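S.K.: Here you go, one structure.
In UniProt numbering, the protein residues as written are 1 to 331.
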């Protein structure tokens, strides 16, 4: 089932100008899958064991927190916004999880996700009420959540000794890593919401043309605030998954995932200008990012150089996917 939220508009067959545009849309739609396939083939030539079931499931398991983060920010980007606070919010969530596990045990995931959803809603409300660009609001939020994580943790790592409390997020179910099942379940639920409810159509309309959506009477402000709330909730869940993997919470645990998460969304084919894309594309993009990381490791590239490749990947992907009709003036 496709989770793309924007309907594809077929150009008139008689218009020669629309030919390149149609080819470009098809390229954007299928290129991520092609890149994923090429990466798998190239890496399997370097390491034949990479295509074994065990290796593929291990990579999928490692992609789960990134996938959850990327899925959340996808909804914001589809609305035409951006959320730069997701990495810091995931770190904050990891600290809250480590602090609250001794008293709440496995139920800790509920309050952590709710707190982070509320944080996202507050950012969305400021963006709407104060008419401040989402870039600025979430950039400030990134600093705020990092500061709170540092304050709550005492600027140190907090160990989780109750190993059973988060075992649900780091175990196997029918041979599958539970973390990737959680991530795919989230994709299925959000994908169904975007595909079969008015909310999905509203998100698409706002991303395509927000002024027109307002004139049509759509609840633009509420939808955008909800999108930021979803992004915050996903960041909270990603933080819990990170703690389940490391059995510790830290004020910088999720910070390094911001750039890969944005890369996953854009490389997957979702336009940074909003209105066009989908969650399935983000899943493919997240797998590409993880495979890229594995590939860099296989050829001996130091992990410190990964941000360089992610940056280049984002620039190239934005160049291909951006809707230039929405950018009359480049600033």
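Cβ atoms here follow ideal geometry from the backbone N, Cα and C, with glycine treated the same way.
Everything numeric in this text was worked out from a predicted model, so none of it was measured.
Between the Cα of residue 199 and the Cα atoms of 219, 186 and 180, which residue gives the shortest distance?
M.R.: 219
S.K.: Between which two residues does the alpha helix (DSSP H) carrying residue 195 extend?
M.R.: 178-196
S.K.: Can you tell me whether residue 317 is helix, strand or coil according to DSSP?
M.R.: helix
S.K.: Is the beta carbon of residue 64 sitting closer than 9 Å to the one on residue 173?
M.R.: no
S.K.: Three or more C-beta pairs closer than 8 Å, one from the stretch 239-253 and one from the stretch 39-55: is that the case here?
M.R.: no
S.K.: What three-state label does DSSP hand residue 248 in the structure shown?
M.R.: Looking at residue 248 - three-state DSSP - the assignment turns out to be strand.
S.K.: I'd like the list of long-range same chain contacts for residue 257, defined as Cβ closer than 8 Å, with 5 residues on each side in sequence excluded.
M.R.: 65, 66, 69, 86, 87, 90 and 238
S.K.: List in chain order: all unbroken alpha helix (DSSP H) runs of 4+ residues lying wholly within the stretch 127-172.
M.R.: When DSSP assignments are scanned along the stretch 127-172, the uninterrupted stretches of alpha helix (DSSP H) that are 4 or more residues long and fall wholly within it turn out to be 134-153.
S.K.: Nearest-angstrom Cα distance between residue 135 and residue 43?
M.R.: 36 Å
S.K.: Report yes if the CB atom of residue 154 is closer than 9 Å to the CB atom of residue 208, and no otherwise.
M.R.: No, these two residues do not count as a Cβ contact at 9 Å.
S.K.: Using the three-state DSSP reduction, which class does residue 217 fall into: helix, strand or coil?
M.R.: coil
S.K.: In whole angstroms, what is the alpha-carbon distance linking residue 186 and residue 130?
M.R.: 31 Å
S.K.: Leaving out the 5 sequence neighbours to the left and right, which residues in its chain are closer than 6 Å to residue 125 when beta-carbon positions are compared?
M.R.: 225
S.K.: What are the boundary residues of the alpha helix (DSSP H) that includes residue 71?
M.R.: 53-78
S.K.: Give the C-beta separation of residue 162 and residue 105 to the nearest angstrom, bearing in mind that I take them to be a contact with Cβ-Cβ under 8 Å.
M.R.: Confirmed, about 6 Å.
S.K.: Please report the distance separating the alpha-carbon of residue 13 from that of residue 114.
M.R.: Its pLDDT being 41, under 50, residue 13 is placed unreliably by the model, and the measurement read from it follows with that caveat. Their Cα atoms are separated by approximately 49 Å.
S.K.: Whole angstroms are fine: how far does the CA of residue 148 sit from the CA of residue 110?
M.R.: 19 Å
S.K.: Which same chain residues end up closer than 7 Å to residue 139 when comparing Cβ atoms and leaving out the 5 residues on each side of it in sequence?
M.R.: Hits under 7 Å: 84.
S.K.: Around the C-beta of residue 312, are 16 or more other C-beta atoms found within 10 angstroms, so that it is buried, or is it exposed?
M.R.: exposed
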